[in-house]
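In what follows, a structure is listed as structure tokens, so that the remarks can point back to it.
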Amino acid sequence: MKRTIMSIVAAATFASGGAAAETLVVGAYPANPPWEYKNEQSQFEGFEVDLVTEIGDRLGVDLDFQDLGFQAIFSAISSGRIDMAISTITITDERLKNQSFTQGYYDSDLALISLKDDGVTDLEGMRDQTVGVLSSSVAEKWVNENHDDVGFESVKGYTDQQNLLLDVRSGRVAGAIGDLAGYQFAFKQMPDLDIVQTIPTGDRFGIMLPKGSPHLERVNDAISQIKEDGTLAEIHTKWLGVAPASTTSSVQVMAIPEAK
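Here the sequence shown stands for residues -21 to -1, 1 to 239, where the numbers follow mature numbering (1 follows the signal peptide of the UniProt record, and there is no 0).
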């Protein structure tokens, strides 16, 4: 009986065209435009979604996008519940000790935002004020490291960017610090908000994988190809409205980063 069942399964597999395609599970935070968000059909779209979809096509694998909160992405990677994670995740030495990353594909700067014409025009104007950040983000790390120098009164963390932006608009926080490109995209719908100061970081976004992932090298190789043939530059232009500079990580092929 056991052999008969196995034969039936094998025959069904053969009839359907051979072995099932490999599937990689991708964790993504769905409220992070233009990098990733859900459209009206509840399908993921965005810069990083296009990038990972292109990677999947080149590797010949299917992708299963999982809707996760930003903080939940890290526990899902650590537990091996997902194979890859996107959502403007900055490559840091601290993270490299516990996770693996592909080469960077976008040079990220931070920005201070506030309501237009409300008196906050730079970081100095945030002295004795409450600043909002996305919890567990690089922006939160920067704010904590520079808390005393800037003189923030307090820091308020948020689990999603939409509520953060709404609190800036309502005046519940005087300003917020976060991803520059993400804010630029959001301000198309929120013209009453403004970027009042750019904060250079030297950071880069990468795809995060479990430490020692067997998929790391081939995913990284696919990114190299996508850079070399100009596909990543096309994705950059599509979502950010401008072509990347030739000296940036959106164009330059890089090695897989390692912890120092």
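Where is the CB? At the ideal position from N, CA and C, for every residue including glycine.
Identity of the residues DSSP links to residue 7 by a beta bridge: 46, 65
Can you find the residues in the same chain that come closer than 7 Å, C-beta to C-beta, to residue 152, ignoring five residues on each side of it along the sequence? The residues are 109, 110, 111, 135, 146.
Please report how far the alpha carbon of residue 130 lies from the alpha carbon of residue 166, in whole angstroms. 27 Å
Distance between residue 154 and residue 99 (C-alpha atoms, nearest Å): Whole-angstrom Cα-Cα distance: 8 Å.
Would residue 101 and residue 175 qualify as a contact pair, given that the criterion is a beta-carbon distance under 7 Å? Yes. Within cutoff.
Check this for me: beta carbons of residue 95 and residue 173, under 7 Å apart or not? yes
Contacts around residue 211, its chain only, beta-carbon distance under 6 Å, and the 5 residues preceding and following it disregarded: So the list reads 205, 229, once near-sequence residues are dropped.
Exposure of residue 221, with buried meaning 16 or more beta-carbon neighbours within 10 Å: exposed
Count the other C-beta atoms from every protein chain shown that fall within 10 angstroms of the C-beta of residue 191, then say buried if there are 16 or more, exposed otherwise. exposed
In whole angstroms, what separates the C-alpha of residue 58 from that of residue 36? 26 Å
Residue 221: first and last residue of the uninterrupted beta strand (DSSP E) it sits in: Where residue 221 is concerned, there is no enclosing beta strand (DSSP E), given that its DSSP letter is neither H nor E.
Give the DSSP-derived three-state secondary structure of residue 88 in the structure shown. If DSSP states are grouped into helix, strand and coil, residue 88 belongs with the strands.
Give every residue of the same chain whose Cβ lies closer than 8 Å to the Cβ of residue 5, excluding the five residues on either side of it in the sequence, and list them in chain order. 31, 42, 43, 44, 45, 61, 62, 63, 64, 65
Ranges of the beta strand (DSSP E) found wholly within the segment 171 to 203, counting only runs of at least 3: 172 to 184, 187 to 189
Report the option in 123, 127, 128, 161 whose CA atom is closest to the CA atom of residue 139. 161
For residue 214, which residues of its own chain have a beta-carbon under 7 Å away from its beta-carbon, when the five flanking residues on both sides are left out? 26, 29, 30
Pick out whichever of 194, 188, 19, 236 has its Cα sitting closest to the Cα of residue 1. 194
Determine whether the beta carbon atoms of residue 67 and residue 14 lie at a separation below 7 Å. yes
Let me know the secondary structure DSSP gives residue 140 once reduced to three states. helix
Could you have a look at residue 2 and say whether DSSP puts it in helix, strand or coil? strand
Residues of its chain near residue 223, where Cβ-Cβ distance is below 6 Å and the 5 sequence neighbours each way are ignored: 212, 215, 229, 230
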